[in-house]
Amino acid sequence: MYDHFRVGDAVPSLESIIEIFACTAHTAIEVHCPTCPKMSDSEHGILRAIAAAQQERIDVAREQFESWLPPVGADWALAPVRGLATIFRMAGLILPDRHVRSFDHDRTMAMKSWLVGSPTLH
């Protein structure tokens, strides 16, 4: 599946992040199965961290990981998260950093008029 989206190289980074969580997490994360149409708050947080890393906002990524990991674990997670950010960027998967409001984002009519009546749309 990862190769289909040209991000097959992301697997080692994902495995590293999973191992860091398994070995150091002080708080559990919630990960839904791939067929679930709704993302958990934890999944949103991980995507926020990757988006921040794509924007070189490492402080935001680290802060996000500190909600689950001790400081040393958050530091360890930064390298594979930066790797994911780079792999995704190279594949054309640019995640929006919702901590930074861009001029283009404000002018996008679809973003302003999109109806979010379903719990599966976030």
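Going from the sequence shown to this note's numbering is simple: count from 1 and add 182. Just so it is clear, CB atoms sit at the ideal spot from N, CA and C, and this is done for glycine as well. Keep in mind that this is a model prediction, so the values were computed, not measured.
Give every residue of the same chain whose Cβ lies closer than 6 Å to the Cβ of residue i, excluding the five residues on either side of it in the sequence, and list them in chain order.
i: Arg283; result: Because the pLDDT of Arg283 is 49, which lies under 50, any placement of that residue in the model is unreliable, and the question is left without a value.
i: Ser222; result: Glu212 and His214
i: Phe203; result: none
i: Thr209; result: Trp250
Excluding the 5 residues flanking residue i on each side, which residues of the same chain have their C-beta closer than 7 Å to its C-beta?
i: Ala243; result: Ala231, Ala234, Ala235, Leu260 and Val263
i: Ala267; result: Ile232, Ala235 and Gln236
i: Gly265; result: Ser195
i: Ser224; result: Ile211, Glu212 and Val213
i: Glu201; result: none
Whole-angstrom Cβ separation of residue i and residue j, contact assumed at under 8 Å?
i: Ser249; j: Gly227; result: 7 Å
i: Val189; j: Phe270; result: 6 Å
What does a CB cutoff of less than 8 Å around residue i pick up in its chain, not counting 5 residues either side in sequence?
i: Thr206; result: Leu251, Pro252, Val254, Gly255 and Trp258
For residue i versus residue j, is the C-beta spacing smaller than 8 Å?
i: Leu229; j: Leu277; result: yes
i: Asp307; j: Arg239; result: In the structure displayed, the chain extends from 183 to 304; residue 307 sits before or after that span and is not available.
Ordered list of alpha helix (DSSP H) runs contained in the region 184-214, each at least 4 residues: Counting whole runs of 4 or more residues, the region 184-214 contains the alpha helix (DSSP H) stretches 192-206.
Ranges of the beta strand (DSSP E) found wholly within the region 207-269, counting only runs of at least 3: Runs of the beta strand (DSSP E) lying entirely within the region 207-269 and spanning at least 3 residues: none are present.
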